[in-house]
Structures are given as C-alpha cells and as structure tokens.
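Chemist: Sharing a structure, written as structure tokens. Questions coming.
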Amino acid sequence: MKRPIAAVIGTGRGIPLTVMTNHDFAAIGIETSHEWIVERSGIVERHIAQDGETTCSMAATAARAAMEKASVQAGQLDAIILSTATADRLLPSTAVDLQAELGASRAAAFDIGAACSGWLYAMTVAEGMIATGVAETILVVGSEKMSSIIDWKDRATCVLFGDGAGAVILQRAKTGKGILSSFMRSDGQLANLLYRPAGGAAIPMSAQVLEERTHLVKMAGREVFKHAVRSMSEAADRALDIARLTGADIDLMIPHQANVRIIEATAKHSSIPMDKVYVNVDRFGNTSSASIPIAIDEAMEKGVIREGSTVLMVAFGAGFTWASMIIRF
Ligand code: ACO
1190 MKRPIAAVIG
1200 TGRGIPLTVM
1210 TNHDFAAIGI
1220 ETSHEWIVER
1230 SGIVERHIAQ
1240 DGETTCSMAA
1250 TAARAAMEKA
1260 SVQAGQLDAI
1270 ILSTATADRL
1280 LPSTAVDLQA
1290 ELGASRAAAF
1300 DIGAACSGWL
1310 YAMTVAEGMI
1320 ATGVAETILV
1330 VGSEKMSSII
1340 DWKDRATCVL
1350 FGDGAGAVIL
1360 QRAKTGKGIL
1370 SSFMRSDGQL
1380 ANLLYRPAGG
1390 AAIPMSAQVL
1400 EERTHLVKMA
1410 GREVFKHAVR
1420 SMSEAADRAL
1430 DIARLTGADI
1440 DLMIPHQANV
1450 RIIEATAKHS
1460 SIPMDKVYVN
1470 VDRFGNTSSA
1480 SIPIAIDEAM
1490 EKGVIREGST
1500 VLMVAFGAGF
1510 TWASMIIRF
C-alpha cells in the first residue's frame, strides 16, 4: 500500500506544573550534584506529578489539546492507543480510563507496552489500523508517571526521569503529508538490563518485594547507553532507507529524550547537525514514551516544525525495544 496512509492533524501535551531541579535532590537525601547530572545526561530539571495527577489525567490534558487543534470531537475517535510503562492500574488499561474521561464512546481503547519506544510502536499500529480500514481517526498518546516506578533511593536512576504526556490525532492522509516510513525491533534477551524485577504476575507484590524494592526500576546504565546508541543509529538508518531519504533530506530529528550524549551520538551517525535536532531533555528528563510526542508538540508550537517539514523520530527503551519513523507534516 502506498504511503502516506495516515497523517498527524493535531498535537498536544500534558505536563505537571511542579518542577524539580537537580539541586532539589539534596533535600531528599540523594548524594549527587547538578554538575554530575548535567555532564552525564544533560538534564537540568524535570516535571514531577503531584497527588491527583495520574498517567490518565496527563494523557487527558494532552489529548484534549490535540483534539482541539485537530478540530476533532471525542465522539469521532475510532480508537485510543496509549503507550505507557506506568499504567494507573494493572487492570483494566489506562486507555479505557482515558476513553471514559474524554467521553469517546465509539472508540476501541487499549494500551501498548514497549517502554520508551512505545509511542512509535503505537503510531505504527495506528497507521496499520487506518490502512486496513479498521479506523479513520485515532488518538495516539504517550503518558508516563515515571516518578511512581523509579527508586528514589537509587541515585543512578532517580535523577534521570520525569513525568508528562504527549498526544497526536492520526487520521487517514488526504494529501502528500503523513507517515513516510516506520521501523520497529526488539531483543528480549536483554530484558534484564532495564526492568522491574517484581510486582507483576511472576513475582506478585509482597512485603518482601516492598522491603527489597524489587518492584522499582533497575538499570545497568552503561550497558543501556551502549545499546541505545547502536540501536537508535540502526533505527535511523532503516527509517531513512525505507523512505528513500538521506540525513540531508531531514528538516528535524526528534530522538527519544533520554540523555544528550545518546542524542548527539545518534545524530552524528546519521550526519544530522545538532541544529537540526530537537532537544528538551534538559527541561523534562526522560519521560519514556511521552518524550517524542511532547517534543513534537513543542516543536510545532515554536514553529520548528512547519508545513512540509520532514521529521525523523527515533527511540530506544527497555525490552530492549527500538523504533523509528519519518513523518512529513
Ligand atoms: N550522582 C553522583 N554520582 C553518581 C550518580 C549520581 N546521580 N549516579 C551514579 N553515580 C556514581 C556511581 O556510583 C559511580 O561511582 P563509583 O565510580 O565510585 O562507583 C560513578 O558515578 C560512575 O557511575 P557509572 O554508572 O559508571 O556512570 P556513567 O558514566 O555510566 O553514567 C548514566 C551513568 C548517566 C546512567 C549513563 O550510564 C547513562 O546515561 N546510561 C543510559 C541510561 C538511560 O538513558 N536510561 C534510560 C532508559 S533507556 C532509554 O530511555 C534510552
């Protein structure tokens, strides 16, 4: 089937108001420094959800903004696909809570779990649903309350993450604009390099789990770093090949915002200069699968993405999973 099949017609974001700076870690007893965090990751501050702010509520804020820009009513949505690693409840999906919140009564709603790559996975699934005629108009959201699953006593991880949501409305393409290529891969052999060992069906929550803190994120940072650079570079190449484009054809690259060093290495691999790379990890930290749709919405608002811009997105996350997509806006 000839692309573009599906186009982005509206974007939005939902960001908690509360900002936590690198200096604020001292107040919660974390031995770290602003300089260490900036040098290793590029992160200066992140937004942290407060009581009452949930994965669903941030998603709803992002979704409403995207629907307004797209002039789409909740009743027009055929599907809601929400990527998250931080579902509000284990059953049912956060997507159905979002459906109820929006009043999107006609929609089929479900979550996708592919960690930081999840939003690109969700976009690829949504494009397929439009291609097969299952749906015409789909809300695709990435929403993450990472503050609820990170170990606030582990300085090697807790300084890296933040909370937030981003959303787009994807609709059948009517012009030459839309998704030009997509690519997805995973390698479950490497699952234990970034994971939550317990708290699921295999090792359910118990007093021991809570005490040992094995329900929280564990990460082999150096290994993750190495694989992230390699896999994101591969993903960027594949999206360019499939679309028959080169780095020179790309107006803007939006990599998953995990770490500025990973971003720089990926951009260099694809010969994309840093002035064509969108970076907001300094202000948001790593918001997992929300990071790319948040960045898209900001870039649209600032006019960095314009009518006709060709944008390469690339992500990597737990699983490991990695993915890429090129969209003409
Ligand atoms: N503040 C101060 N010191 C710290 C901190 C901290 N917050 N965290 C760790 N350290 C110390 C360690 O204890 C260690 O001390 P030691 O040498 O005395 O043992 C030292 O700093 C070096 O630790 P490393 O883990 O080797 O540091 P590294 O240079 O690898 O940086 C980091 C760590 C930032 C986690 C890096 O490996 C990284 O960015 N990895 C990628 C992780 C990532 O992005 N994960 C996100 C999920 S996947 C994704 O979204 C792509």
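Going by my numbering, the residue at position 127 of the sequence shown is 1316; the numbering climbs one at a time, nothing skipped. C-beta atoms are modelled at their ideal positions from N, C-alpha and C, and glycine is treated no differently.
1) Using 10 angstroms around the beta-carbon of residue 1205, count the other beta-carbons present and answer buried if the total reaches 16, otherwise exposed.
2) Going by beta-carbon coordinates alone, are residue 1425 and residue 1358 separated by less than 8 Å?
3) Identify every residue that forms a DSSP beta bridge with residue 1475.
4) Can residue 1256 be considered in contact with ligand 1, in the sense that its beta carbon sits closer than 7 Å to one or more heavy atoms?
5) Can residue 1214 and residue 1353 be called in contact, C-beta distance under 8 Å?
6) Scan the region 1311-1384 and note each continuous alpha helix (DSSP H) run of 4 residues or more that stays entirely inside, going in chain order.
7) Residue 1444 bridges to which residues according to DSSP?
8) Alpha carbon to alpha carbon, how far is residue 1229 from residue 1364?
9) What residue ranges within the region 1265-1310 form continuous alpha helix (DSSP H) runs of no fewer than 4 residues, ordered along the chain?
10) Where residue 1302 and residue 1222 are concerned, what is the direct C-alpha to C-alpha distance, given to the nearest angstrom?
11) With DSSP as the reference, please indicate the residues paired to residue 1466 in a beta bridge.
12) Would you say the region 1231-1244 touches the region 1331-1339, given that touching needs at least three Cβ pairs under 8 Å?
13) Go through its chain and collect everything with a Cβ distance to residue 1272's Cβ below 6 Å, but skip five positions before and after it.
Modeler: Once the coordinates are examined:
1) Buried, because 16 or more other Cβ atoms sit within 10 Å of the Cβ of residue 1205.
2) For the pair residue 1425 and residue 1358, the CB atoms are not nearer than the 8 Å cut-off.
3) Its beta-bridge partners are 1350.
4) Residue 1256 Cβ: outside cutoff for every heavy atom of ligand 1.
5) Taking 8 Å as the Cβ cut-off, residue 1214 and residue 1353 do not qualify as a contacting pair.
6) Unbroken alpha helix (DSSP H) runs of no fewer than 4 residues, entirely contained in the region 1311-1384, are found at 1344-1347, following chain order.
7) Note: residue 1444 sits in a beta bridge opposite 1503.
8) The alpha-carbon atoms of residue 1229 and residue 1364 are separated by roughly 43 Å.
9) Runs of the alpha helix (DSSP H) inside the region 1265-1310: 1283-1291.
10) Each residue's Cα considered, the two are about 33 Å apart.
11) Answer by DSSP bridge pairing, in chain order: 1442.
12) They touch, by the three-pair rule.
13) Taking C-beta separations shorter than 6 Å and ignoring five residues to either side along the sequence, the partners of residue 1272 in its chain run 1301, 1307, 1308, 1311, 1331 and 1478, following chain order.
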